[in-house]
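Letter 97 of the sequence shown, counting from 1, is numbered 127 in our numbering, and no numbers are missing. Backbone N, C-alpha and C fix where the C-beta goes; we use that ideal spot for every residue, glycine too. For reference, the structure is listed below as structure tokens.
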Amino acid sequence: MSSPAVANLFTGFTRLCKGLVVVLVCGHIAVQIFPSVLTYVALIPARTIPFGWNLITAGYIEQTVHGVLSSTLGLLFIGKLLEPIWGSREFLKFIFIVNFLTSVCVFITAISLYYITMQENYLYMPLSGFSGVLSGLLVGVKQIIPDQEISPLKIKAKWLPSIVLLLAIVISFFTIEPATYLPILIFGTYIGWVYLRYFQRKQETGFKGDPSDEFAFSTFFPEVIRPVIDPIASIFDRMLCGRSEASNDAGGYTVGSSPLPGSDPIEATRRRERGARALEERLATERLIGAGVKSKTDEPERDATDNV
């Protein structure tokens, strides 16, 4: 890869993502210099009451160096793709909702594990990290550019959330305390999907959600087991959202005979096409910038040749 291409790869990051990176880095530095701060900002289930703010602050506190590096790089690169399409306000709203609800789910899980096992480490284990939000953002990548191939990895973007979860589950068998990160990744992925599937409002139409078959819950799994996942997912779909899946001819979700807002699969297809076009335009712009830089570097050489 040429130097201009490398330089373009590390440019174009949004101002919002840069600000969130500063928050992550400052949070990591704070808990390294003042370890006692972790008691108040990390999610410690036994201290969540009365320290309820740790349901929000825990997501922005990375306790390890590799954690803060992976979170900042992931946020910058994924944000460069999603924020121009969603808008800064929606992007920040998504991060806040996924972070908060992930912490709530992890808190409930930790309390449940304590009552099941009666092990106090589930109550006093400090849980924190941005990985839940990142896993939710990967679901956004899956939605916008599902068939885009990630060139270094040679895999399609729609499989990124599933691969990350699979790797996390495999690694959990070889780590001492998988409870510190695995629930955060799982809940972050699921909550990100639920929000994008049912609640994200489209700026163009005002509709909510993405009911297309290409974004169904079963698409996180291999095609072989999807016939088993679909009936189970439909049950939870009706329980959670009160929506029943209509026939293929209806083209979306209905209540009785009236289509629900946001149930137009054509709109979901258009949104993915806009995401693909935005990515292609960004890549084309970077290539043009790289070509311009190269041509400028060649001009002095040609001038010197002409003078000779």
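Residue state for L157 is assigned as strand, using DSSP reduced to three classes. Per DSSP, T147 is one residue of the alpha helix (DSSP H) stretching across S118 to T147. Cβ atoms of N129 and I86 come within 8 angstroms of each other, at about 7 angstroms. In this structure L190 is in contact with L168, their Cβ atoms being roughly 5 angstroms apart against a cut-off of 8 angstroms.
Here E92 is not near F203, since their CB atoms are 8 angstroms or more apart.
When Cβ pairs closer than 8 angstroms are counted between the two stretches, the region 62-79 is seen to touch the region 151-158, the count reaching three or more.
Residue pairing by DSSP places L73 opposite L157 in a beta bridge. With the rule of 3 Cβ pairs closer than 8 angstroms, the region 207-217 does not count as touching the region 246-261. In the DSSP assignment, Q233 falls outside any alpha helix (DSSP H) and carries neither an H nor an E. DSSP, reduced to helix, strand and coil, places I221 within a helical segment of the structure shown. DSSP places K184 in the coil class of the three-state scheme, outside both helix and strand. Shortest Cα-Cα distance from F121 to any of L106, T205, P257 and I206 involves L106. For K110, same chain residues with a beta-carbon under 6 angstroms away, outside a window of 5 residues either side, are G42 and F43 in chain order.
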